[in-house]
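Asks:
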Amino acid sequence: MGRGYIVEDVVEKYLSNLSVPGASCVTGLLIGQSSSQRDFVVLAVRTPQKDTEGQRSPSVSRRTGDSLEHLDVEWVTEHARQVSRMLPGGISVIGVFLVTPPELSKEAQNTLRRLIFAVDKHISKGRLWSLTEEDVTEKVTLHICSKTRKVVCRTFDVRDPKSSAKPADWKYQSGVCTSWPLLTCSVGLNLVFPVLEMHVLPQDMEKCMKEGLQTWAKQIEDGLCLINGDAMPGEVELLGGQKKNAKAVQQTFRAQILIPMAEPQSERRSTASVKVCSGSLTLKGMVQCRAYLHSNKPRAKHATEVIKRDVINTVSSRVEMFLEDLLMEGEDKGSVGVQQGLPRRVFAPVPGMSLCVCDYMFPDECVSDVSDRLKEMLDWETPEDSIDTSQEAVPEAPTIDLKNTVVQKKLKAKSTLDARPKTPSGDPTEAHKSHKTYYAGVAMAAAIALLATGTSLIYLSD
Amino acid sequence: MVVGNIILRLRGSLEFKCQLDSTDVPHVQKVISRTFEALGSQVKAESLVLSLSSSPVFLWPNKGGHATAGEISPNRPCKDLQQLIQTDDQESSRKKSAKKDLKNPTAGIINLTLMTEVTEPGVHSAPTLLRGSKKHHLLQTTLPMDCVVSVLSSESISVVCGTLVGALCSQLGDMEKVALRHMKGTALLIPQPFHFLLPAPVGLVTVVYPAGVPDSQLETRRKELHSLFELPDNRPYLRRANALHFPDEPYKDGYLRNPHVHLNHPALENGKPYLVQGVYSYHHYMQDRVDDNGWGCAYRSLQTICSWFQQQGYVERAVPSHKEIQQALVEVGDKQVSFLGSRQWIGSIEVAAVLDQLLGVTSKIMFVSQGSELASKGRELANHFLSEGTPIMIGGGVLAHTILGVAWSETTGQIRYLILDPHYTGAEDLQVITDKGWCGWKGPEFWDQNAYYNLCLPQRPKTI
């Protein structure tokens, strides 16, 4: 028996409104949740176009017949990875779709297969938590014929490279996620990772942080989770209290995670261990976490799983982004000994649904950058005032090192997908940023000039 | 042990981590002290959570004793916590033994574990990363916290929480002192807490000793504590082996401890029982996969005596095997080499020789030419149990036994002997052992009235 996908109406609308000129192909992601009994799809997002600059533009192909072969799988998977970072706990990329003209329908199946395996592999990289036996490893592929709009839905078990396609149901429904329960918590971090003598920063920074974070992630995974202050046994139904025909309302649950203060030593030592280190990395602050569950009899154990995974993901995503940025911009000598702000999580509502997605703002970015990114990654407009930046406060300690004045500040090209080389035409936000820094630089210079004049006046008056 | 009191035991690990920029002593001491101070703050933080073992209850002691379970509010008496602890299936038999354990002052302990709530953030701003580039030594270990407090069962939960946090802080202080006292360079010895039940009026105390330092090197410290607690200076109370054994922690070696406490003592007119002091293990035929049925009774009695000296902290060596006992006798010249591996019996004299050779313990030998004379040895035996309190090995006729106590009336001359019989070949079943009299009170007719007997009365070394 195949899986059954319950899909939001808006997805149908989105897919039917996709502009697919002539004989071109469009790829995209399917976002939702899978449970053992049912699967839900709440969003569909097309793969954003790459800049056409003499490079082949895979998603909008002008050639017929062989467009599928030139499909840039890497581009699709990278989009999937970036989108995954924007999804709260419980919600993930669970499939891909492909719109092709009728003559490519047959080939499309192979392409979809390649895509779904590649996407799953790429988004699982760097994951700090482990899948359990209960996790659903079937992912969905959807083929849409651009002419007839006929939909073929199949699933693959991405754990098994030899798995074959299984047919699945694709059913549209309204209000799929209106009553999806929401779990929230804020987690404090105070982690110190030693940098052993043999390691050299900044090259080994990633290694040191990854090792440290792995230990921390295990503590979170093994930790105890209270829901609304209660240690519920795993099999208890979360929404058990609701009457059958009661109006579906989204409930919010507060999660608390308790871990032992430390793990007792495994080896029988009588002295403290001593390691020679060349430095340390201290990660401090608070992260805001959110996770959604489906409404099909979710149990307490699912709830604790999704919120814990969001906790782990949000920390590892930010660290990854920070390190990627560092790699791209090169080592900033002034960053040693200075507290550098990691990207801050902000939330934005999904239009027409009671769900939120999130994004990360670097210290020198602003809300309009987030809005631009949401447009590019998720293909919808978000009014700036609907973006909630209040969940995580800006760190108080000044992060500007006056030596390397603001002019040198990194230009973050967040909207260009990091795996690709930067395109010089760039994005509008880059120009915007340089404006920002320019003005700031002018202000700084003016202030210094004023100070200088002031001092000199004092001298002269003597 | 004050009636109406409850004992709470809080255990957990605290991570001790510090960076030493240099290895000169004043700097190291400063950093260690600062790290302990930081741990003290952690323990007083709102994120500290105490988990009530075997229950779904969690307490936040630094938030006024707020708890998860709805029925428990901070001003309820702490004895209510006991009702929430889930016991296992044999609840009825547990209740039965709980009654008997009223003699044991630590029955009915409430166990708690240290946890922290990561979702109670001290900071509220987004994360930052700080890169430090100073070369340093990183010291890392976990501190094995173990606090015991005794409180009135009517005391409110919020007050008890405060007491527990206070106990944690003061234990950290003790640990800091021990760590600094025994520190050498960058080698930090891990401070370990031990609980001791000292004679009234002192009661329960906790002492922190550095790991890896044997008792023999800690005599000065023990002398300080003996004078602080006004303990006699000729017997050990504060060696690690004297540490209180909590009833909910089974002995891992599988031997029964003090089976005699489960017996009812004979009521003699104007008489009273005089019993072995402290803790011993019951050693008998067929244990340790050694088939000594028919010849090893004296060896087993000797093992019981050795176990007593080990558990009272006089020696650190383990209870000797039959082989080791025979080896010791060959070494002192008492037996020929051919004795090794044989099934030859030994008597009280040999027992005394082995105690001396392996444990450095001297013994008094008592001789009776006829078993009937034992009936008149009440006073002597009673005095032995009063002053030395060690188990006695008695050999005569063709049998060896262990005497654990005597009940004797000065006026009527009635006498009973508490006997631990090494001839038992069954499993470590307390019920069988007490019901069938393998550990039990016997009358003077128990002895062969015509045989002669030798008794080995081990003497306590005068040491702390």
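Keeping their order, the protein sequence lines are chains A and B.
Numbering-wise, full-length UniProt numbering puts 64 at position 64 of the first sequence, and it's gapless, one number per residue.
Numbering-wise, full-length UniProt numbering puts 77 at position 77 of the second sequence, and it's gapless, one number per residue.
The C-beta atom is built at its ideal place from N, Cα and C for all residues, glycine as well.
According to a CB-to-CB cut-off of less than 8 Å, which residues of the stretch 247-278 of chain A neighbour chain B?
Replies: Correct list: A255, Q256, I257, L258, I259, P260, M261, A262, E263, P264, Q265, R269, S270, T271, A272, S273, V274, K275, V276, C277, S278.
Asks: Is the Cβ of B/K95 closer than 9 Å to any Cβ of chain A?
Replies: The count along the second sequence starts at 1 and reaches residue 95 of chain B at position 95. Note that B/K95 scores 46 on pLDDT, short of 50, meaning its location in the model is unreliable and no value can be drawn from it.
Asks: Kindly indicate the opening and closing residues of the alpha helix (DSSP H) around A/N190.
Replies: Numbered from its first residue, the first sequence carries residue 190 of chain A at position 190. Careful: A/N190 lies outside any alpha helix (DSSP H), inside the beta strand (DSSP E) at 182-196.
Asks: Which residues, in order along the stretch 110-132 of chain B, keep a beta-carbon less than 8 Å from a beta-carbon of chain A?
Replies: Those residues of the stretch 110-132 of chain B that come within reach of chain A (Cβ to Cβ, closer than 8 Å) are T113, L114, M115, T116, E117, V118, T119, E120, P121, G122, V123, H124, S125, A126, P127, T128, L129, L130, R131, G132.
Asks: Using DSSP's beta-bridge definition, name the partner residues of B/N5.
Replies: Taking the second sequence and counting its residues from 1, the one referred to as residue 5 of chain B is at position 5. Paired residues: B/L152.
Asks: Determine which residues share a DSSP beta bridge with A/V26 and list them.
Replies: As a position in the first sequence, residue 26 of chain A is number 26, starting the count at 1. According to DSSP, which records beta bridges pairwise, A/V26 is partnered with A/V99.
Asks: Which residues of chain A have a Cβ atom closer than 8 Å to the Cβ of B/L14, listed in chain order?
Replies: For the purposes of this step, residue 14 of chain B is taken as residue 14 along the second sequence, with counting starting at 1. In chain order: M261, A262.
Asks: Between the stretch 262-270 of chain A and the stretch 118-127 of chain B, can you find at least three pairs of beta-carbon atoms closer than 8 Å?
Replies: Contact between the stretch 118-127 of chain B and the stretch 262-270 of chain A is absent, because fewer than three Cβ pairs lie under 8 Å.
Asks: Please classify B/L228: is it buried, with 16 or more other beta-carbons within 10 angstroms of its beta-carbon, or exposed?
Replies: As a first step, residue 228 of chain B must be located in the second sequence, where it is residue number 228. Exposed: under 16 other Cβ atoms inside 10 Å.
Asks: Taking the continuous beta strand (DSSP E) assigned at A/A44, which residues delimit it?
Replies: The residue given as residue 44 of chain A occupies position 44 in the first sequence. A/A44 -> beta strand (DSSP E) spans 39-46.
Asks: Tell me the start and end of each unbroken alpha helix (DSSP H) in the stretch 308-354 of chain B that is at least 4 residues and wholly inside, in chain order.
Replies: Runs of the alpha helix (DSSP H) inside the stretch 308-354 of chain B: 322-331.
Asks: Under 9 Å, CB to CB, which of the residues in the stretch 21-38 of chain B have a partner in chain A?
Replies: Residues passing the 9 Å Cβ filter: none.
Asks: Should B/L112 and B/L180 be called a contact, given that it needs their Cβ atoms to be closer than 9 Å?
Replies: Counting from 1 along the second sequence, the entry for residue 112 of chain B is found at position 112. Counting from 1 along the second sequence, the entry for residue 180 of chain B is found at position 180. No, the pair does not count as a contact, with Cβ atoms beyond the cut-off.
Asks: Got a sec, what are the start and stop residues for the beta strand (DSSP E) A/W170 sits in?
Replies: The sequence position of residue 170 of chain A within the first sequence is 170, counting from 1. Unbroken beta strand (DSSP E) run through A/W170: 169-173.
Asks: Quick check on DSSP: helix, strand or coil for A/Y360?
Replies: Taking the first residue of the first sequence as position 1, residue 360 of chain A is located at position 360. Three-state result, A/Y360: strand.
Asks: State yes or no: is the C-beta of B/Q357 within less than 9 Å of the C-beta of B/A328?
Replies: One-based indexing of the second sequence puts residue 357 of chain B at position 357. One-based indexing of the second sequence puts residue 328 of chain B at position 328. Yes; because the gap between Cβ atoms is below 9 Å, this pair is in contact.
Asks: I'd like to know if A/S220 contacts chain B, where contact means its C-beta is closer than 9 Å to some C-beta of that chain.
Replies: Here residue 220 of chain A refers to the residue found at position 220 of the first sequence. Here residue 220 of chain A turns out to be Ile, not Ser, going by the sequence shown. For A/I220, the answer is yes, since a Cβ of chain B falls inside 9 Å of its Cβ.
Asks: Taking A/T282 as the query, report the chain B residues whose CB atoms sit under 9 Å from its CB, ordered along the chain.
Replies: Within the first sequence, the letter at position 282 stands for residue 282 of chain A. Those within 9 Å of A/T282 in chain B are T128, L129, L130, R131, G132.
Asks: Kindly provide the ranges of any alpha helix (DSSP H) runs that are 4 or more residues long and lie completely inside the stretch 353-410 of chain B, ordered along the chain.
Replies: The stretch 353-410 of chain B contains these whole alpha helix (DSSP H) runs: 378-387.
Asks: Residues in the same chain with beta-carbon distance under 8 Å from B/S97, minus the five sequence neighbours each way, listed in chain order, please.
Replies: Taking the second sequence and counting its residues from 1, the one referred to as residue 97 of chain B is at position 97. A caution first: B/S97 carries a pLDDT of 44, below 50, which makes its placement in the model unreliable, though a value can still be read off. For B/S97, where only same-chain residues beyond five positions count, there are no Cβ hits under 8 Å.
Asks: When you compare each of A/C208, A/K139, A/H294, A/Y14 to A/E320 by their alpha carbons, which one comes out closest?
Replies: Residue mapping note: residue 320 of chain A aligns to position 320 of the first sequence, counting from 1. Checked all of A/C208, A/K139, A/H294, A/Y14; the closest Cα to A/E320 is A/C208.
Asks: Note down, one range per segment and in chain order, each beta strand (DSSP E) of at least 3 residues found wholly within the stretch 145-219 of chain B.
Replies: Complete beta strand (DSSP E) runs here, min 3: 191-198, 203-210.
Asks: Starting from A/K50, trace the alpha helix (DSSP H) in both directions and tell me its first and last residue.
Replies: In the first sequence, counting from the first residue as 1, residue 50 of chain A sits at position 50. No alpha helix (DSSP H) contains A/K50, which DSSP labels as neither H nor E.
Asks: Closest Cβ-Cβ distance between B/T203 and chain A: below 9 Å?
Replies: On the second sequence, position 203 is the one that residue 203 of chain B refers to. Note on residue identity: the sequence assigns Gly, not Thr, to residue 203 of chain B. By this cut-off, B/G203 is not an interface position.
Asks: Going by other Cβ atoms of all chains shown within 10 Å of its Cβ, with 16 needed for buried, is B/G371 buried or exposed?
Replies: The sequence position of residue 371 of chain B within the second sequence is 371, counting from 1. By the neighbour-count rule (16 or more Cβ atoms within 10 Å), B/G371 is buried.
Asks: Can you list the residues of chain A that B/Q140 reaches, using a CB-CB cut of under 9 Å?
Replies: Along the second sequence, one-based indexing puts residue 140 of chain B at 140. Here the neighbours are P194, A272, S273, V274, K275.
Asks: Check each candidate in A/L258, A/L87, A/F156, A/T389 and name the one with the smallest Cα separation from A/R3.
Replies: As a position in the first sequence, residue 3 of chain A is number 3, starting the count at 1. Among A/L258, A/L87, A/F156, A/T389, the Cα nearest to that of A/R3 is on A/F156.
Asks: Shorter than 9 Å from the beta carbon of B/H136 to some beta carbon of chain A?
Replies: For the purposes of this step, residue 136 of chain B is identified with residue 136 of the second sequence, where counting begins at 1. By this cut-off, B/H136 is an interface position.
Asks: Compare the Cα-Cα distances from B/L256 to each of B/P422, B/L84, B/E269 and report the closest residue.
Replies: Reading the second sequence from its first residue, position 256 is the one you call residue 256 of chain B. It is B/P422 whose Cα lies nearest to the Cα of B/L256.
Asks: What did DSSP end up calling A/F253 once you bin it into helix, strand or coil?
Replies: Position 253 of the first sequence, counting from 1, holds the residue named residue 253 of chain A. If DSSP states are grouped into helix, strand and coil, A/F253 belongs with the strands.
Asks: Excluding the five sequence neighbours on either side, which residues of its own chain have a C-beta within less than 7 Å of the C-beta of B/Y424, listed in chain order?
Replies: Taking the second sequence and counting its residues from 1, one reaches residue 424 of chain B at position 424. Here the set comprises H284, Y285, I433, W438.
Asks: For the beta strand (DSSP E) that contains A/I6, what are its first and last residues?
Replies: Taking the first residue of the first sequence as position 1, residue 6 of chain A is located at position 6. Element bounds for A/I6: 4-8.
Asks: Indicate whether the contact test is met: 3 or more Cβ pairs, each with one atom in the stretch 379-387 of chain A and one in the stretch 346-357 of chain A, closer than 8 Å.
Replies: Enough Cβ pairs lie closer than 8 Å, so yes.
Asks: Where do the ends of the beta strand (DSSP E) carrying residue 485 of chain A lie?
Replies: Outside the modelled stretch of chain A, which goes from 1 to 462, sits residue 485 of chain A, for which no answer is possible.
Asks: Under 9 Å between the Cβ atoms of A/T100 and A/S146?
Replies: For the purposes of this step, residue 100 of chain A is identified with residue 100 of the first sequence, where counting begins at 1. For the purposes of this step, residue 146 of chain A is identified with residue 146 of the first sequence, where counting begins at 1. Closer than 9 Å, so yes.
Asks: Please identify the residue among A/V187, A/V276, A/R149, A/H302 whose C-alpha is closest to the C-alpha of A/P233.
Replies: The sequence position of residue 233 of chain A within the first sequence is 233, counting from 1. It is A/H302 whose Cα lies nearest to the Cα of A/P233.
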